[in-house]
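Read top to bottom, the protein sequences are chains D and P.
Per my numbering, numbering through the first sequence is continuous, rising by one, with the last residue being 117.
Per my numbering, numbering through the second sequence is continuous, rising by one, with the last residue being 156.
Virtual Cβ for every residue (Gly too), placed ideally from N, Cα, C.
Working notes, structure below.
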Amino acid sequence: NAGVMQNPRHLVRRRGQEARLRCSPMKGHSHVYWYRQLPEEGLKFMVYLQKENIIDESGMPKERFSAEFPKEGPSILRIQQVVRGDSAAYFCASSPGGQGSGGYTFGSGTRLTVV
Amino acid sequence: GQQVMQIPQYQHVQEGEDFTTYCNSSTTLSNIQWYKQRPGGHPVFLIQLVKSGEVKKQKRLTFQFGEAKKNSSLHITATQTTDVGTYFCGGATNKLIFGTGTLLAVQP
Numbered sequence: 003n004a005g006v007m008q009n010p011r012h013l014v015r016r017r018g019q020e021a022r023l024r025c026s027p028m029k030g031h032s033h034v035y036w037y038r039q040l041p042e043e044g045l046k047f048m049v050y051l052q053k054e055n056i057i058d059e060s061g062m063p064k065e066r067f068s069a070e071f072p073k074e075g076p077s078i079l080r081i082q083q084v085v086r087g088d089s090a091a092y093f094c095a096s097s098p099g100g101q102g103s104g105g106y107t108f109g110s111g112t113r114l115t116v117v
Numbered sequence: 049g050q051q052v053m054q055i056p057q058y059q060h061v062q063e064g065e066d067f068t069t070y071c072n073s074s075t076t077l078s079n080i081q082w083y084k085q086r087p088g089g090h091p092v093f094l095i096q097l098v099k100s101g102e103v104k105k106q107k108r109l110t111f112q113f114g115e116a117k118k119n120s121s122l123h124i125t126a127t128q129t130t131d132v133g134t135y136f137c138g139g140a141t142n143k144l145i146f147g148t149g150t151l152l153a154v155q156p
């Protein structure tokens, strides 16, 4: 069981470029969550998805950020026209059921640096 | 919206001392979960509490869920250097909202 796979581990982008972060949930998990963590800070909820559906995007910035979890393939968090303030660690987590019952399994994260 | 607060933000203890972190939610929770994140690592699930007043133990760790299902605590007895990290509580409605975390430093 490979766990939650995120790639890339580290991503450097120049201001104005696009960042694409990928997450493959654990086998058998159909619920995916994205969180952002700034240095020395907590985990801030961004979006909750199930296959082909966005369940809750209340934590997503209104502009430049989007997420999807297609029928086939990984979940993608996309940040357009990145700015320095987007630099953070982005963690993906998955769970077998809603409400995180049984706990979330987190990936190792993608550390995004905007230069 | 739902908010989850944790105190203290930081705790420095001598090895062998006890440690407690407290978690409070602005809303009633369906369950509460605890995670540990080592420096430079990712959060790792420790435990889930579901019932009002529930108490669970894992070796030196004791977890409690308040009667009103709005607060929780994690207590570590006789800390060891391997306990170093940030401990997060997560309050569940349809997704987990995490507290601000408590960073535990243990001096040998």
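Simplified DSSP assignment, three categories, for T141/P: coil
Residue closest to N55/D, alpha-carbon to alpha-carbon, out of Q39/D, L13/D, I78/D and P63/D: I78/D
Presumed contact (8 Å Cβ cut-off) between S96/D and T107/D, rounded CB distance: 6 Å
Proximity test, Cβ basis, 8 Å: F146/P and chain D: yes
Opening and closing residue of the beta strand (DSSP E) in which Y70/P lies: F67 to S73
Q81/P at chain D interface by Cβ criterion, 8 Å: yes
Any chain P beta carbon closer than 8 Å to T115/D: no
Beta-carbon spacing of T76/P, A116/P below 8 Å: yes
Short CB-CB distance (under 8 Å) between K99/P and chain D: no
Interface flag, Y92/D vs chain C, CB-CB below 8 Å: The chain labelled as chain C is not found among the protein chains of the depicted structure, namely D and P.
CB contact below 8 Å: Q51/P versus chain D: no
Contact list for S103/D against chain P, beta-carbon separation under 9 Å: S78, N79, Q96, V98 and A140
Nonlocal neighbours in the same chain, by C-beta distance under 8 Å from R15/D, ignoring five residues either side: A21, V84, L114, T115, V116 and V117
DSSP beta-bridge partners of L51/D: V34/D and I56/D
Coarse secondary structure for G5/D, derived from DSSP in three states: coil
Short CB-CB distance (under 8 Å) between I57/D and chain P: yes
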